[in-house]
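Numbering (the working numbering), first residue to last: 50 to 333.
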């Protein structure tokens, strides 16, 4: 069995009141890198980052976290917006693991959580790589909701979501539709329709509705003092690339890299370039 297999890297720890599941690999004395996945039905840390783990584990103490309500992690009723709730849980996990500071790599929903960590716990974040981060993405030219968000809402609001709805959602995540195979649809669909997953998604959505101010991270971006690398796919249909420019202008120490012929999942569609760019940024 590979040293980077699911079971070999799987861990569970108490993070405050929550049990969080995560994967860990790499040198224990290396710089810590925390990877936070995106949202959507069937999402998990392993699903977002498994193919990237061997690369990053060669250089970093790498933690791929199942955020609250995803994968094998718990999600009780949040008492604040989801970005703040998940950020608090991740920091509690780092406390449990005695990790004082870390780099954070967050995609979409995970990018918003990483940004909230840098805002609320600035001493804990060394550098941020944010890929089409939720909450910091503010569309200037693209109508809302975007195509990807409409598909996400359709799946979530359906009383009996179908594989066809899952395929339609996943297709909006990529530039190359051939990446959406039957196996991928099934991999995401099976966990997404479980009662526990649907309850977690509903609780997350309700937290943003109840505390909407917490989702407007672009209004607070000027307070993030650590270096930030924004990455985007030029053909992103979930968070279009024009959403990057307010964050780029507002963040005090930001740079932006746009990948051509790439959708929302840059870590997959531009994997080799993404890994090289991320490694140079974190180690530079």
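Heads up, the beta-carbon is just placed ideally off N, CA and C, and yes, glycines get one too. Because the structure is a prediction, the values reported are computed rather than measured.
- Ranked by Cα distance from residue 329, the options 306, 314, 317, 310 are led by 306.
- Residue 281 sits in a strand when the DSSP states are folded into three classes.
- Inter-residue distance for residue 86 and residue 95 is about 8 Å (C-alpha atoms, whole angstroms).
- Going by C-alpha positions, residue 251 is about 18 Å away from residue 67.
- Within the same chain, and ignoring the five residues on either side of residue 104 in sequence, the residues whose Cβ sits closer than 8 Å to its Cβ are 324, 328.
- DSSP lists 85, 179 as the bridge partner or partners of residue 155.
- Excluding the 5 residues flanking it on each side, residue 70 has same chain C-beta neighbours closer than 6 Å at 61, 115, 120, 121, 122, in chain order.
- Contact between the stretch 133–145 and the stretch 214–232 is absent: fewer than 3 CB-CB pairs across the two stretches fall below 8 Å.
- In this chain, the alpha helix (DSSP H) harbouring residue 247 covers 244–259.
- With distances taken between CA atoms, residue 241 lies nearest to 118 out of 99, 58, 102, 118.
- A distance below 7 Å between beta-carbons, with the five flanking residues on each side excluded, links residue 88 to the following residues of its chain, in chain order: 157, 158.
- Of the candidates 220, 58, 255, 244, 255 places its Cα closest to the Cα of residue 129.
- Across the set 131, 183, 248, the C-alpha of 183 shows the shortest separation from the C-alpha of residue 292.
- Contact between residue 148 and residue 81 holds, with the beta-carbon distance rounding to 5 Å and staying under 8 Å.
- Here residue 190 has 291 as same chain residues with Cβ atoms under 7 Å from its own Cβ, once five neighbours each way along the sequence are excluded.
- With respect to the 8 Å criterion, residue 153 and residue 172 are not classified as neighbours on the basis of their beta carbons.
- Cβ neighbours of residue 272 within its own chain (closer than 7 Å, five residues either side excluded): 168.
- The C-beta separation of residue 124 from residue 277 comes to about 27 Å, leaving the pair out of contact by the 8 Å criterion.
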